[in-house]
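Data block below; observations after.
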Amino acid sequence: AQKVTQAQTEISVVEKEDVTLDCVYETRDTTYYLFWYKQPPSGELVFLIRRNSFDEQNEISGRYSWNFQKSTSSFNFTITASQVVDSAVYFCALSGPSNTGKLIFGQGTTLQVKP
Amino acid sequence: NAGVTQTPKFRILKIGQSMTLQCTQDMNHNYMYWYRQDPGMGLKLIYYSVGAGITDKGEVPNGYNVSRSTTEDFPLRLELAAPSQTSVYFCASINRSGNTIYFGEGSWLTVV
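Residue numbers (our numbering), protein chains in the order written: chain A, 9 to 123; chain B, 8 to 119.
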């Protein structure tokens, strides 16, 4: 069975602090895809990243970075120098090798960035 | 392209009423999905379709029905609304390569 665990329910930081959101997954597939989405207070889902299981390179996009470690089944997300606009709920999700729109979501981590 | 369009955006239903959430995409995607998001939770898959005329159950299908008569449309039907169906509903589709998932803006449904 597939499962995604985001153990941090809520995180509160002060602006400019770095923050890491944890994501641990379970799957028996050898090929799979991992995602991060942002859900701002307005409610829409904003795609952040998609990573396949064969690409373990860490990725950086501006203030965002992702650390994928197959050995620990983790796909953690770090925001550097957080800003108030980063306040949102962040979801980690997993899909199998085919029909990649069938996502298993974690419960989400609510990030509050205070000025 | 308008992407994935959901209607209505907000709706209040009384227990036992029925309604249909509409979802349309103009990207000629074969794969479409309905998810629900309960308060404080992640999204869960209700139903999906891999093409016109083909639908299949997801993780939480009870109380819902879907149809896929055209590639563009994937409506979600609630026959006898229950308070447990109070949720935010998201429709999604994916492109041919499966690289990109397009989500609608969500439909907020309250059953009272």
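Quick reminder that beta carbons are idealized off the backbone N, C-alpha and C, glycines included.
Please read all numbers here as calculations on a predicted model, not as lab measurements.
Of all the options the options, which has the alpha carbon lying nearest to the alpha carbon of residue i?
| i | options | result |
| --- | --- | --- |
| alanine 99 of chain B | B:Thr77, B:Leu52, B:Ile22, B:Gly23 | B:Leu52 |
| threonine 1 of chain A | A:Thr13, A:Val22, A:Val21 | Nothing about residue 1 of chain A can be read from this structure; chain A reaches only from 9 to 123. |
| leucine 119 of chain A | A:Phe76, A:Thr39, A:Val97, A:Glu64 | A:Val97 |
| glutamine 65 of chain A | A:Gln77, A:Tyr72, A:Val54, A:Arg71 | A:Gln77 |
| tyrosine 41 of chain A | A:Ser103, A:Gln115, A:Thr117 | A:Ser103 |
| arginine 58 of chain A | A:Pro48, A:Ser73, A:Gly51 | A:Ser73 |
| glycine 70 of chain B | B:Phe17, B:Leu87, B:Asn106, B:Asp80 | B:Leu87 |
| glutamine 115 of chain A | A:Ala15, A:Lys24, A:Glu23 | A:Ala15 |
| glutamine 29 of chain B | B:Tyr38, B:Val67, B:Thr12, B:Val57 | B:Thr12 |
| threonine 17 of chain A | A:Asp30, A:Ser79, A:Ser81, A:Thr86 | A:Asp30 |
| tyrosine 55 of chain B | B:Pro46, B:Gly49, B:Trp41 | B:Trp41 |
| alanine 59 of chain B | B:Gly65, B:Phe81, B:Glu66, B:Pro46 | B:Phe81 |
| valine 70 of chain A | A:Thr86, A:Ser82, A:Ser61 | According to the sequence provided, residue 70 of chain A is glycine. The question's valine does not apply to it. Nearest C-alpha to glycine 70 of chain A: A:Thr86. |
| glutamine 44 of chain B | A:Phe43, A:Gly51, A:Thr80 | A:Gly51 |
Taking the beta carbon of residue i as the centre, do at least 16 other beta carbons fall within 10 Å, making it buried, or is it exposed?
| i | result |
| --- | --- |
| threonine 108 of chain A | buried |
| arginine 103 of chain B | exposed |
| aspartate 94 of chain A | buried |
| leucine 111 of chain A | buried |
| glutamine 91 of chain A | exposed |
| glutamine 24 of chain B | exposed |
| valine 73 of chain B | buried |
| threonine 38 of chain A | exposed |
| threonine 31 of chain B | buried |
| phenylalanine 17 of chain B | exposed |
| alanine 101 of chain A | buried |
| phenylalanine 55 of chain A | exposed |
Please report whether the beta-carbon of residue i lies at a distance below 8 Å from any beta-carbon of chain A.
| i | result |
| --- | --- |
| valine 118 of chain B | no |
Using DSSP's beta-bridge definition, name the partner residues of residue i.
| i | result |
| --- | --- |
| leucine 102 of chain A | A:Leu42, A:Ile112 |
| serine 94 of chain B | B:Leu116 |
| asparagine 84 of chain A | A:Asn75 |
So residue i contacts chain B; which residues on that side make the cut at Cβ distance below 8 Å?
| i | result |
| --- | --- |
| lysine 110 of chain A | Tyr40, Leu52, Tyr55, Gly65 |
| glutamate 52 of chain A | Phe110, Glu112, Gly113 |
Find the residues of chain B that neighbour residue i, judging by a C-beta separation of less than 7 Å, and give them in chain order.
| i | result |
| --- | --- |
| glycine 104 of chain A | Correct list: empty, because the minimum Cβ distance to chain B is about 11 Å. |
What residues of chain A sit near residue i, judged by a beta carbon separation below 9 Å?
| i | result |
| --- | --- |
| methionine 48 of chain B | Phe113, Gln115, Gly116 |
| isoleucine 61 of chain B | None at all; the shortest Cβ gap to chain A is about 12 Å. |
Can you name the residues of chain B whose CB is closer than 9 Å to the CB of residue i?
| i | result |
| --- | --- |
| phenylalanine 99 of chain A | Gly49, Leu50 |
| arginine 58 of chain A | Asn106, Thr107, Ile108 |
Kindly list, in the order they appear in chain A, the residues whose Cβ is closer than 8 Å to that of residue i.
| i | result |
| --- | --- |
| phenylalanine 97 of chain B | Leu53 |
Report the neighbours of residue i on chain A: residues whose CB is nearer than 7 Å to its CB, in chain order.
| i | result |
| --- | --- |
| isoleucine 101 of chain B | Thr108, Gly109 |
Compare the C-beta of residue i against all C-beta atoms of chain C and say whether one is closer than 8 Å.
| i | result |
| --- | --- |
| leucine 50 of chain B | The structure shown contains no chain C; its protein chains are A and B. |
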